[in-house]
Amino acid sequence: MPTPQPWNQSAVLLTGASQGIGRALALALAARNARVALLARTKANLDEVATECRAIGGDVEVVVADVTEPAQCERGVAQTLERFSRIDALINNAGISVVARFAALRDLALAERAMRVNYFGALYCTRAALPHLVESRGRIVAVASLTLRIELRSSGVSVTVAYPDFVQTEVRERVFGPSGERLAVQPPRGARFMTADECARRILAAAWGANVTWCCPPGGASGAGSSCWPLRSLTASRNAP
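Start counting the sequence shown at 168; every next residue gets the next number (the working numbering).
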C-alpha cells in the first residue's frame, strides 16, 4: 500500500500569503499537491503568488481579507469552504514587525498594531475556522518570532517562553465563560495536574538554562505532573545566538 504523501490534496487556508514566508509556504504547499487558499490584503501581490503556484500545478484560491477584521476572517473561511468544501489546515502566518528596540519605543500604538495583526489576527482566523478543522480533524499552525530574544542576545539577557500544562492554582476560581459569566471549573476527566511548586521549579530551571521555549504537554510523566522538554535550547551559553 503506497505511503500517503504529506499535504497531498489537503485544503489549507494560509494567511499572510502574499510575500515572504507566506509566499514560500504557498509554493511549497503547491509543490506538495495541496489545495491552498491564499489570504492577504493586497490582491495584486496575491495574484502574483497564485500565478507562481499554478505554474507548478497548484490549485489555489485568492482571498483578499484583513485578518484584523473578524468579519473578513469569517468571509475568508467561507470562501475557502466554497472552493474546497473543507479546511484541513489553517496556517496563521500573517504578521508585521516593529523595527525598533523595545526599550526605544516611544509610541506603544505601534505595539498595539502589531498585536492586532500578529495575535488577534490569528485569534479571529482560528475562531472562524475551528469548527471546520474539528470536523476534518485538521491542523492549526502558528508562525511566530522570538524577536525580543534576537534583539537582546548580545546584551546578556535571555528570553524564555513557558507553556505549562494543567496546574493546580487558584486561577480556576477566577474563570470567565464566553459571555463574561463566572464559571466553576472542574478538571477535565482523567487530567493530571502538576502542582504550582513543580511548575515554578520547571520554569526556573528552564530560565536558568536559557531555554527559549519550554513545553509541558499532557500525559507525559508519571506522578503529579506531565513531562516537559525544551523545544529549542541555547546550548553554548546564556547569550548564545
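We put the CB at the ideal spot given by N, CA and C, even for glycine.
Check	Outcome
Bridge partner(s) assigned by DSSP for asparagine 259	Ala309
Rounded straight-line distance, which links the Cα of glycine 288 to that of arginine 208	12 angstroms
Identity of the residues DSSP links to methionine 361 by a beta bridge	Val334
Where the alpha helix (DSSP H) through arginine 221 begins and ends	210-222
Straight-line Cα distance separating leucine 192 from valine 227	12 angstroms
Proximity of alanine 363 and glutamine 335 at Cβ, strictly below 8 angstroms	yes
Alanine 256 versus Pro237, Arg202, Ala270, Arg250, residue with shortest Cα-Cα distance	Arg202
Isoleucine 258 and threonine 247 closer than 8 angstroms at C-beta	no
Residue range of the unbroken alpha helix (DSSP H) whose run includes valine 301	288-303
Cβ-Cβ separation, alanine 245 to glycine 183 (assumed contact under 8 angstroms), whole Å	Actually they do not touch by this definition, with Cβ atoms about 19 angstroms apart.
Inter-residue spacing [alpha-carbon to alpha-carbon] between arginine 369 and phenylalanine 333	14 angstroms
Per DSSP, the bridge partner or partners of valine 227	Val203
Simplified DSSP state of proline 385, which is helix, strand or coil	Residue placement at proline 385 is poorly supported in this model, since its pLDDT is 45, which falls under 50; the coordinates are not used for a value here.
Backbone CA spacing between alanine 217 and lysine 210 [nearest angstrom]	10 angstroms
Coil, strand or helix - glycine 234 by DSSP	Strictly speaking, residue 234 in this sequence is valine, with glycine absent from that position. DSSP places valine 234 in coil when its eight states are reduced to three.
Rounded separation between leucine 181 and valine 231 - CA only	12 angstroms
Glycine 224 to serine 177 span [Cα, whole Å]	14 angstroms
Residue of Asn175, Arg199, Gly189, Ala296 minimising C-alpha distance to proline 237	Ala296
Contact check, valine 234 vs alanine 204, beta carbons under 8 angstroms	no
Beta strand (DSSP E) segment containing alanine 178, residue limits	178-182
Beta-carbon proximity of isoleucine 263 to valine 284, cut-off 8 angstroms	yes
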